[in-house]
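Letter by letter, the sequence shown follows residues 27 to 618 in the numbering used here. We put the CB at the ideal spot given by N, CA and C, even for glycine. Computed from a predicted model, the values in this text were never measured in an experiment.
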Amino acid sequence: MCGIFGYVGRDQGTADIVLRALKKLEYRGYDSWGIAVGHGDQVVVQKQTGKIGEAAVDLPASGIGLGHTRWATHGGVTTYNAHPHLDCSRRLALVHNGIVSNYRELREPLARAGHRFLSETDTEVIAHLLEECLAATPAGPDRLATATMTAFRRLQGLNAIAVLDVHTGQLAAAKSGSPLVLGWSEHGHMLASDYSALLEHTRRVTFVEDRQAVVLCGDTIRLFDADSGREVAPRIIEVEWEAAATELSGYPDFMTKEIHEQPAVLRRIAGGWEGHARQLAALIHEARDVFAVGCGTAGHAALAAQYLLARVAGRRVTVASGSEFPYLGDFVGDRALMIALSQSGETIDVIEAARAGRERGARIAALVNVEGSSLWRMADLAVPLGAGPERCVLATKSFTAKLAILLMTAHALAGRADAGVALVRDAADEIERLLTDGRRDAIRQIAEALHRREHLFVIGRGPSYPMALEAALKVKEVSYIHAEGFAGGDLKHGVIALIEPGTPCLVLAPRDETYDDIMSGALQVKARGGVLIGVSPEPHEAFDYHIPVADLGPATAIVNAPPAQILGYYLALLRGHDPDKPRNLAKSVTVK
Ligand code: F6R
Numbered sequence: 027m028c029g030i031f032g033y034v035g036r037d038q039g040t041a042d043i044v045l046r047a048l049k050k051l052e053y054r055g056y057d058s059w060g061i062a063v064g065h066g067d068q069v070v071v072q073k074q075t076g077k078i079g080e081a082a083v084d085l086p087a088s089g090i091g092l093g094h095t096r097w098a099t100h101g102g103v104t105t106y107n108a109h110p111h112l113d114c115s116r117r118l119a120l121v122h123n124g125i126v127s128n129y130r131e132l133r134e135p136l137a138r139a140g141h142r143f144l145s146e147t148d149t150e151v152i153a154h155l156l157e158e159c160l161a162a163t164p165a166g167p168d169r170l171a172t173a174t175m176t177a178f179r180r181l182q183g184l185n186a187i188a189v190l191d192v193h194t195g196q197l198a199a200a201k202s203g204s205p206l207v208l209g210w211s212e213h214g215h216m217l218a219s220d221y222s223a224l225l226e227h228t229r230r231v232t233f234v235e236d237r238q239a240v241v242l243c244g245d246t247i248r249l250f251d252a253d254s255g256r257e258v259a260p261r262i263i264e265v266e267w268e269a270a271a272t273e274l275s276g277y278p279d280f281m282t283k284e285i286h287e288q289p290a291v292l293r294r295i296a297g298g299w300e301g302h303a304r305q306l307a308a309l310i311h312e313a314r315d316v317f318a319v320g321c322g323t324a325g326h327a328a329l330a331a332q333y334l335l336a337r338v339a340g341r342r343v344t345v346a347s348g349s350e351f352p353y354l355g356d357f358v359g360d361r362a363l364m365i366a367l368s369q370s371g372e373t374i375d376v377i378e379a380a381r382a383g384r385e386r387g388a389r390i391a392a393l394v395n396v397e398g399s400s401l402w403r404m405a406d407l408a409v410p411l412g413a414g415p416e417r418c419v420l421a422t423k424s425f426t427a428k429l430a431i432l433l434m435t436a437h438a439l440a441g442r443a444d445a446g447v448a449l450v451r452d453a454a455d456e457i458e459r460l461l462t463d464g465r466r467d468a469i470r471q472i473a474e475a476l477h478r479r480e481h482l483f484v485i486g487r488g489p490s491y492p493m494a495l496e497a498a499l500k501v502k503e504v505s506y507i508h509a510e511g512f513a514g515g516d517l518k519h520g521v522i523a524l525i526e527p528g529t530p531c532l533v534l535a536p537r538d539e540t541y542d543d544i545m546s547g548a549l550q551v552k553a554r555g556g557v558l559i560g561v562s563p564e565p566h567e568a569f570d571y572h573i574p575v576a577d578l579g580p581a582t583a584i585v586n587a588p589p590a591q592i593l594g595y596y597l598a599l600l601r602g603h604d605p606d607k608p609r610n611l612a613k614s615v616t617v618k
């Protein structure tokens, strides 16, 4: 959460470089944004609340600057609370991603010493603390590095900080928990919360590890162990994503683009991921206990893994949300395997769950979209999702990619790897047809009929149950319609009390062994006046609306995901919401 970016180099158009980078990082938070550049012996700042949109910068030419896009934690969404924050002399500008849990204790003595605070944030405390540390550090080439490390060591919590010092013409940064990546380009050096913001300039990057600090100037980047102050050699690697993959490429928004990329992603997985699936299957085979963790949509993929591995390969998996896993961790012993699922690879709850599992002897297999991310680096086996950059805050293609890999893994484990590959190909074909044969328009018409409703329920049974949870999440997070997913059988144990005449209910009814029972639940809803939207291969007289989706056996879960993605999308548009940046959300959840 929160995106940070800094640049130092030969290009004097730093403000525009930073603005373009913040647009790439905006999915990390869009409550406010701000940019600072060095100008003479002071920093000059522009800050604003709200999304960046078409904003232009009005800042002087400079070869050094940094910026921030905020997801508010401490202090409301105001211009004062927007980053960067400055020290008293305007020599330093500081941006921050994370939470300084001891900021109150740090702030008091600073205030008593005469530092003036203009915001309610924990971040501003760091700027003044650093000002003190700089004053106490002897002059010399490493002064900013030393002072930054001294200040950083006094911060508690999971944080990434970056500071611009106009006097030395350097940027310094340090991190624990929150991500930070360095970029090495021809015209200068940069740092960012993730490398999608660097790709315009370079694919040569260095991932900063926890408790490392860094100093950047136009000529070089120096890396340090933040606790000992010892210099360490940076490891440069080349990342695979192309800058073009982060652009809209003619689509109206990233949600549409990413929904439409699903067939290609699934084909890529079918064509090239058999080796990954076999490796993961081998780890599952060797493990005594298998756990799957993820949050939100990735958590639904973890639940889908439970059904897939049980039904295709007869293997038991224990599932927990990343944030709940530590409370169940007592059951993890040696020869356990944790499958950690995450698009970003930076979700703190999943990373901490994996760490907790590892401490108890578990091996970690991570299914991650952002290669090189924290979860990726800590895993014993890192399986890429191969979905390419996902910039809409909602997870779409990364979800179906996870399902495809899990499906292939389950089949590899059952000794039927070819069947898994064929099913993923079939799923790709069916989703492509769904997106092009008029069904998308039919879903838009359903959205038109439903967009003024305040509630929507989704029911599914067996392998369709995780899909019901995911469908409801897609609808609610983007349209703000209250949507809940349920196991079809649970309906009559309480939920049915919420059904009133006109209440819409999405029914996931593949022609599998769940069909008769889910339809019986659907009819109970219908009998109470509910409006049924059937997602099913065939129509049913009880359906008020029907979205035909092919039956693909264990791959049906994959093809049942896009209808709800499309429904949520159109509901959002009809209700006047931005599908790429739903309110209050951020794509990479790096705080607890
Ligand atoms: C929903 C969504 C979130 C994420 C969750 C985990 O559309 O995007 O629920 O799935 O925040 O994120 P990752 O997968 O990055 O760990």
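{"Asked": "Three-state secondary structure assigned by DSSP to P527", "Found": "coil"}
{"Asked": "Bridge partners - F31, DSSP secondary structure assignment", "Found": "G93 and A218"}
{"Asked": "Whole runs of the beta strand (DSSP E) within the segment 466–509, excluding any shorter than 3 residues", "Found": "481–486"}
{"Asked": "Cβ pair P580, L393 closer than 8 Å", "Found": "no"}
{"Asked": "Supposed close pair D113, E157 - CB separation, criterion 8 Å", "Found": "4 Å"}
{"Asked": "The segment 319–335 touching the segment 290–300, judged by at least three CB pairs closer than 8 Å", "Found": "no"}
{"Asked": "A499 versus T95, R314, Q196 and G322, residue with shortest Cα-Cα distance", "Found": "Residue 499 is actually Leu in this sequence, not Ala. The shortest C-alpha separation from L499 is found at G322."}
{"Asked": "Beta-bridge partners of E257, as assigned by DSSP", "Found": "F250"}
{"Asked": "CA nearest to the CA of V240, picked from H566, V258 and G371", "Found": "V258"}
{"Asked": "Own chain, CB closer than 6 Å to A324, minus 5 neighbours either side, in chain order", "Found": "L367 and S368"}
{"Asked": "One or two residues paired with E264 in a DSSP bridge", "Found": "R230"}
{"Asked": "Reduced DSSP secondary structure (H/G/I, E/B, other) of N586", "Found": "helix"}
{"Asked": "Terminal residues of the beta strand (DSSP E) in which Y571 lies", "Found": "Y571 to P574"}
{"Asked": "Continuous beta strand (DSSP E) stretch holding T344: start and end", "Found": "T344 to S347"}
{"Asked": "Element boundaries [beta strand (DSSP E), containing T75]", "Found": "Q68 to T75"}
{"Asked": "Length of the line joining the Cα atoms of A468 and L476", "Found": "13 Å"}
{"Asked": "Residues passing the C-beta test against the ligand F6R heavy atoms, cut-off 5 Å", "Found": "C321, G322, T323, A324, S368, Q369, S370, T373, L420, A421 and V615"}
{"Asked": "Segments assigned beta strand (DSSP E), at least 3 residues, entirely inside the segment 393–470", "Found": "407–410"}
{"Asked": "For K201, three-class secondary structure by DSSP", "Found": "strand"}
{"Asked": "Residues sharing a beta bridge with W59, DSSP", "Found": "Q74 and T95"}
{"Asked": "Cβ-Cβ distance between I485 and I544 below 8 Å", "Found": "yes"}
{"Asked": "L206 to I61 span [Cα, whole Å]", "Found": "18 Å"}
{"Asked": "When L160, R386, V231 and E496 are compared against S219, the one with the closest alpha-carbon", "Found": "V231"}
{"Asked": "CB of P563 within 8 Å of CB of A583, strictly", "Found": "no"}
{"Asked": "Start-to-end residues for the alpha helix (DSSP H) that takes in F178", "Found": "R169 to R179"}
{"Asked": "Uninterrupted beta strand (DSSP E) stretches inside the segment 95–167 (no shorter than 3 residues)", "Found": "118–124"}
{"Asked": "L597 versus D606: straight-line alpha-carbon distance, rounded", "Found": "13 Å"}
{"Asked": "G398 vs V265 beta-carbon contact at 8 Å", "Found": "yes"}
{"Asked": "Cβ-Cβ distance between I457 and I295 below 8 Å", "Found": "no"}
{"Asked": "Residues bridged to R389 [DSSP beta-bridge criterion]", "Found": "L363"}
{"Asked": "Spatial distance of T95 from I263 (CA atoms)", "Found": "26 Å"}
{"Asked": "Top-ranked residue by Cα proximity to G684, from R36, A108, A408 and G166", "Found": "This structure cannot settle anything about residue 684, because the visible part of the chain is limited to 27 through 618."}
{"Asked": "Length-filtered (3 minimum) beta strand (DSSP E) runs lying within the segment 312–340", "Found": "315–320"}
{"Asked": "DSSP-derived helix/strand/coil call for V291", "Found": "helix"}
{"Asked": "Exposure label - N128; buried when at least 16 CB within 10 Å", "Found": "exposed"}
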